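Asks: Mapping of the sequence shown onto UniProt numbering: position 2 corresponds to residue 2, and the numbering continues sequentially without gaps.
Attaching a single structure in structure tokens format; questions to follow.
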Amino acid sequence: MNIHDFTSAAGRCAAPVGLDNFREAASVHEQVILKHDGQEWTVHGIGSMPGSQRQVAWVQQQDSQTDTTSAFVEALQQTYSSGIAKAIASALDLQQAPGKPLAARTITAALDMASTSKNVLKGVNFLTELHFSAVNAGAGFTKICHELGLDHTQLDSDRKQHIDLSMAERFSDAQQSGNAPVSSHQAAQWLRTILESQ
Numbered sequence: 001m002n003i004h005d006f007t008s009a010a011g012r013c014a015a016p017v018g019l020d021n022f023r024e025a026a027s028v029h030e031q032v033i034l035k036h037d038g039q040e041w042t043v044h045g046i047g048s049m050p051g052s053q054r055q056v057a058w059v060q061q062q063d064s065q066t067d068t069t070s071a072f073v074e075a076l077q078q079t080y081s082s083g084i085a086k087a088i089a090s091a092l093d094l095q096q097a098p099g100k101p102l103a104a105r106t107i108t109a110a111l112d113m114a115s116t117s118k119n120v121l122k123g124v125n126f127l128t129e130l131h132f133s134a135v136n137a138g139a140g141f142t143k144i145c146h147e148l149g150l151d152h153t154q155l156d157s158d159r160k161q162h163i164d165l166s167m168a169e170r171f172s173d174a175q176q177s178g179n180a181p182v183s184s185h186q187a188a189q190w191l192r193t194i195l196e197s198q
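Shown next as structure tokens:
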């Protein structure tokens, strides 16, 4: 799910709402809704009155076209990556739901999943990055140097650091665009390109 217009039927475009807004509202309310106050989008809570089962929106009625779930998935994508957001949307069956609130427990579960996914991907990418590290003379790095006819022991420390920084940028870009974990094949291609351009 990818959204850029939270009220597509009404034609109003919205800037993404921050994930912290959803987190905060979900921490104190049973459900949340997205509202537009005429200038900006905000997240508001819905809950039950103490001692009754009557649902109360702590703000006026929600626009029936506003899609809180899609806005939440967009916020996940902005904070983590499109890959993580898509996986969570699929796992939690987060579908477009215009006019419907989003349960706080769903937000909490999604945030936990996103954090775990990010940490797992960082761990996998860290090992791949280490394997192709010039500074650490990783096995992947030495193999690519050998294939290109380069003696990796003759590279000075500044050049090795530059190579590792270039690789780190590519790993970071891949993570942000949802293309993680990075395969060894992809990392090897990046390293080849970097070494051949120097």
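Using N, Cα and C, we set each Cβ at its ideal position, and we do this for glycine too.
A quick note: this is a predicted structure, and the numbers were derived from the prediction, not measured.
#1: What does the alpha-carbon distance come out to for the pair A91 and Q39?
#2: Find out if the Cβ-Cβ distance for the pair I33, T69 is shorter than 8 Å.
#3: Where do the ends of the beta strand (DSSP E) carrying L34 lie?
#4: To the nearest angstrom, how far is it from the Cα of A89 to the Cα of G83?
#5: Could you tell me the alpha carbon to alpha carbon distance between Q65 and H29, rounded to whole angstroms?
#6: Would you identify the three-state DSSP class for A104, choosing helix, strand or coil?
#7: Return the bridge partner residues of I88 from the DSSP annotation.
#8: Let's see if you can read the secondary structure: which residues bound the alpha helix (DSSP H) around H152?
#9: Specify the secondary structure class of T142 as computed by DSSP and reduced to three states.
Replies: Here's the rundown:
#1: 33 Å
#2: no
#3: 31-36
#4: 10 Å
#5: 22 Å
#6: helix
#7: Bridge partners of I88: none, in fact.
#8: Element bounds for H152: n/a, residue is neither H nor E.
#9: helix
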